[in-house]
Amino acid sequence: MPHRRSYSVEPPPPPPPATLSEERYIPIPSATELMEVGVKFTCGNKGKQLHISFNNGEMEISPISIGKNVESLLRNLIACEKLAFQDKRTEDSIRITSYAAVMANLINSSKDVDLLKEKGIIHAGRFRSEDIAGVFSRLFSSTTGIFVSYAGLSSKVHDHYKAQWIRRRLSIIKRDYLYNPSSIWSTANAVVLVIILAIIQTIYSVLAYYK
């Protein structure tokens, strides 16, 4: 009988870890500021931990539970990642740092916390929104120029934010003038300006459609 040769098929090697691009992370506006220009927040899949994405004006964020020692836990994990990052500059080596940095930008006040609670992104139990905002504000005094794996996300957020500048102006006028009786601007003048900006926004939308 002829001898049969046996062949072993080895599985393909795993893909190399994603390396960080040279693009730096740019701090993004807070959650309430983004909501004012139409950004929608949704709670991501619980199986995707420390995940944040932004597409077509919608930001998806993995849920986070705030416990008693969350601040010290995050600080220790961020410190460990900082040491590991010196040897291996990959996205996986700073996942916790990146997630915390984005959350620190999104949360500037208790209103931001309340918004993320409402969307099911933050689970805080009995912790007050003011205390949660303080946790993230203390984690990073500044996120400018630091290595964060969400550089692409921050760029897309800023592009969307700038594109909605007219809508942002409308929301600012409504907030600061129409709903503020002590403003030196008269309500009539504010209403006229809102109408003008609304017309300009409509014109821009039509032009963008026919481009």
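Heads up: the sequence shown is residues -18 to 192, going by my numbering. Note that the Cβ used here is the ideal one computed from N, Cα and C, for glycine as well. Nothing here was measured: the structure is a model prediction, and the numbers come from that model.
Does the distance from the CB of Y131 to the CB of V83 come in under 8 Å?
Judged by their CB atoms, Y131 and V83 are nearer to each other than the 8 Å cut-off.
Might you give, ordered along the chain, the residues of its own chain that have their beta carbon closer than 7 Å to the beta carbon of F35, omitting 5 neighbours on each side?
L134, K137, V138, listed in sequence order.
Starting from the C-beta of S118, find all residues in its chain whose C-beta is less than 8 Å away, skip the five residues before and the five after it, and write them out in chain order.
For S118, where only same-chain residues beyond five positions count, the Cβ hits under 8 Å are A85, I88, N89.
Would the beta-carbon of L120 fall within 8 Å of that of R76?
Note that the C-beta distance between L120 and R76 is not below 8 Å.
Helix, strand or coil: which one does DSSP assign to I77?
Reduced to three states, the DSSP call for I77 is helix.
Using the beta-carbon count (16 or more within 10 Å), is L15 buried or exposed?
Per the 10 Å Cβ criterion, buried.
For G19, tell me which candidate among I33, V116, E39, K63 has the shortest Cα-Cα distance.
The candidate whose alpha carbon is nearest that of G19 is E39.
Report all residues from its chain with a CB closer than 6 Å to the CB of V129; omit the five preceding and five following residues, and keep chain order.
For V129, the CB contacts under 6 Å within the same chain, skipping 5 residues up- and downstream, are Y6, S79, A82 in chain order.
Please state whether the Cβ-Cβ distance between T23 and D93 is less than 8 Å.
In terms of Cβ geometry, T23 and D93 do not form a close pair [threshold 8 Å].
The alpha helix (DSSP H) that contains S136, what's its start and end?
Boundaries of the alpha helix (DSSP H) around S136: 132 to 144.
Residues that T23 bridges to, as DSSP identifies them:
Bridge partners of T23: E41.
Starting from the C-beta of K27, find all residues in its chain whose C-beta is less than 8 Å away, skip the five residues before and the five after it, and write them out in chain order.
Excluding its 5 nearest sequence neighbours in each direction, K27 has C-beta neighbours in its own chain below 8 Å: S43, P44, listed in chain order.
Roughly how many angstroms separate the alpha carbons of E99 and A65, rounded to a whole number?
So the alpha carbons of these two residues sit roughly 35 Å apart.
Nearest to L55 by alpha carbon, out of R150, I180, K21, V116?
It is V116 whose Cα lies nearest to the Cα of L55.
Just list the residues that DSSP pairs H104 with in beta bridges.
BP columns for H104 point to S46.
Between the beta-carbon of I33 and the beta-carbon of A105, is there less than 8 Å?
Going by C-beta atoms, I33 is not nearer than 8 Å to A105.
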